[in-house]
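Below is one structure; the comments refer to it alone.
Residue numbers (our numbering): 38 to 746.
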């Protein structure tokens, strides 16, 4: 028996969460095994003892990995070893990382890695939530400096009631999924989606989560007091007060001039020139700036100028309510919109807000375009998904593309969640839809620009959205005693501010939300003020978008396949497919269509000709249910008799077209009108008691006598 092993339990939203320490991964700086209803997650944290030379930022890495053995499964595909993180795992990493980061001391610059491994999985225990809870506990009991314990939770709303960390299957009946992280005293992170819910419901969900998180923070504080290691001492670089004062006294006028420039690129040029001027001054007289020599002058200049701009911009906003280039606190930049900007895509749009520009395209098609996700919770297929691309040229950088990084995946996921809530249900819209958002210019909130552009492109494509969606990013400047909220923040305001709060939704309510902070938390009142101010901005943007396109187009553009569906009994699926797929191949080749069948018995027929689709659907119905009187079928002539022709209208289903039902003309010789192998359209006129099918060709279209006969 391990004498060091300790267990702590907490009723967390009606489920028992267990924190175990002292048994696993004991060489890590801190480690815990989190358990809940059969799900177990090992979280270990390590932080370097030595500081890298020149390190001036906090290198925190969070890794979250779902081991497939945790669910007794093999990884799909050729490679069976867990390797690169999936998109879902990367998104989970971001959820864990973002609330942890502001809780480390601002001068702590040591490499730190948090590793979360899902060792056992049951759908009644949320592995992502356990990983976040475990990260806080592992750091708390370690010797790594950390401000205060934090906790996290997910909130669903099922039948109008909030549920904390529901079972995996219960999310299907929820009209909200909000992830919240917080300390005992303040909110640190919010992210989620909702089905056009009012702002007050979102706020209530956040507060509901926070009240539960407080109990977890109390437990972790207790554990830390009982078994936590003393926090390590570390040496950090002392602030160069002389440098800051000298730059303030000698270059504040130049800095003020740079902040007054409206154009982003011109402002950046002015700041670069200011950095160079400060670096040159340092090289001339390092001691005047509190430095021993001019080594690293450019780096010191950059830090000093950034600090000066930070203080100056924040003071302008807090004391005078004045933003960069003089914009009002609640002012949205100029908006320009276009649709159908590209010829070939099924839908396209261009959305420009200030110096942020996003072009979106839409592709609509069959389920062969579904996005597959193989996770320990099961194999899932997305019928709607959004890809977000952020090339270097969008911010004037000479940088090549190396695929989507964590930031691009996160931004794309947020925009996708914002639009997903207004997509039509699969029962009425069985297409697979892909949206791609290309950021062409960026100066703040390209993800919310992607929401706006994506919404317009979907309407341009004729996708029957429930309502248009717009998004806006809010900022915050606070000195602890007072605060100002900014609408539609710039990149510089994001960089120098305390908050990036993104809200997307329709005129009716919120569809997606994300909040990241750089300070140790904000109050519910600030969140309420920010979400209220965001609503005003969102409604303004929706109004601007409506000037170009307010509702989805009637119908698709050329090139989009038409889909018709029919439900069949699940026990008839095999009969429709036929031995070795013989029957379904015959239908596809004969009608030149694509046929897809789901496990539930939904048959989708895709093609370009509506009449052909109707005939194919009728044939499928006939094969499953037998021929139906009054229905028209495509038939192949099997044999010709003196009194008419026998034709096949489906696999194994034949009928007679009597000579009198061939043509409006007098028919003396059937061979003069049709031949074996011909395809003709026939209508079912009668089915006698013996099951014999009587058909008519002329009831559909009279067959004409062949030339030369």
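A virtual CB, placed ideally from N, CA and C, is assigned to each residue, including glycine.
- Assignment of residue 41 by DSSP, reduced to helix, strand and coil, places it in the coil class.
- Contact between residue 512 and residue 225 does not hold, since their C-beta atoms are separated by about 17 Å, which reaches or exceeds 8 Å.
- In this structure, the straight-line span from the alpha carbon of residue 579 to that of residue 506 is close to 7 Å.
- When C-alpha distances from residue 545 are compared across 554, 572 and 521, the shortest belongs to 572.
- Around the CB of residue 418, fewer than 16 other CB atoms lie within 10 Å, so the residue is classed as exposed.
- Non-local C-beta neighbours of residue 361 in its own chain, meaning closer than 7 Å and more than five positions away in sequence, comprise 296, 350, 527, 529 and 530, ordered along the chain.
- Boundaries of the beta strand (DSSP E) harbouring residue 417: 415 to 419, taken from the DSSP string.
- Excluding the 5 residues flanking it on each side, residue 106 has no same chain C-beta neighbour closer than 6 Å.
- By the Cβ criterion, the stretch 459 to 468 is not in contact with the stretch 140 to 152, since fewer than three pairs of Cβ atoms, one from each stretch, lie closer than 8 Å.
- Counting along the chain, residue 188 sits inside the beta strand (DSSP E) bounded by residues 187 to 195.
- Residue 288 sits in a helix when the DSSP states are folded into three classes.
- When 230, 523 and 217 are compared, the shortest CA-CA separation from residue 364 is found for 523.
- Relative to residue 145, the option among 212, 172, 548 and 85 whose CA is nearest is 85.
- Counting along the chain, no alpha helix (DSSP H) covers residue 553; the unbroken beta strand (DSSP E) around it starts and ends at 547 to 554.
- When DSSP reads this structure, residue 153 sits in a beta bridge with 80 and 101.
- Sixteen is the threshold: since fewer than 16 other Cβ atoms of the shown chains lie within 10 Å of the Cβ of residue 40, the residue is exposed.
- Sequence-distant Cβ neighbours of residue 680 in its own chain, meaning closer than 6 Å and more than five residues away, are 696.
- Residue 658 and residue 716 have their C-alpha atoms spaced approximately 19 Å apart.
- The beta carbons of residue 491 and residue 446 sit about 16 Å from each other, so the pair does not count as a contact at 8 Å.
- Beta-bridge pairing by DSSP links residue 593 to no other residue.
- Assigned with DSSP and collapsed to three states, residue 526 falls in coil, not helix or strand.
- One alpha carbon belongs to residue 183, the other to residue 560, and they sit about 20 Å apart.
- Here the alpha carbons of residue 687 and residue 481 stand approximately 60 Å from one another.
- Annotation for residue 487: 395, 425, 452 and 474 place their beta carbon closer than 6 Å to its own, counting only its chain and skipping 5 residues before and after.
- Residue range 647 to 662 is occupied by the alpha helix (DSSP H) that includes residue 656.
- Remark: C-beta atoms of residue 173 and residue 76 do not approach each other more closely than 8 Å.
- Taking C-alpha positions only, residue 358 is separated from residue 551 by approximately 25 Å.
- C-alpha of residue 169 to C-alpha of residue 81: approximately 12 Å in a straight line.
- Two segments are said to touch when three or more pairs of C-beta atoms, one from each, lie closer than 8 Å; by this definition the stretch 302 to 320 does not touch the stretch 108 to 128.
- Taken through DSSP and simplified to helix, strand or coil, residue 683 comes out as strand.
- Here residue 570 is buried. Its C-beta has 16 or more other C-beta atoms within 10 Å.
- Two segments are said to touch when three or more pairs of C-beta atoms, one from each, lie closer than 8 Å; by this definition the stretch 660 to 676 touches the stretch 713 to 727.
- Between residue 50 and residue 249, the C-beta spacing is below 8 Å.
- Counting every other CB atom within 10 Å of its CB across the protein chains shown gives residue 435 a total below 16, marking it as exposed.
- In the three-state reduction of the DSSP assignment, residue 349 falls in the helix class.
- Contact holds between the stretch 652 to 669 and the stretch 720 to 735, because three or more Cβ pairs, one in each stretch, are under 8 Å apart.
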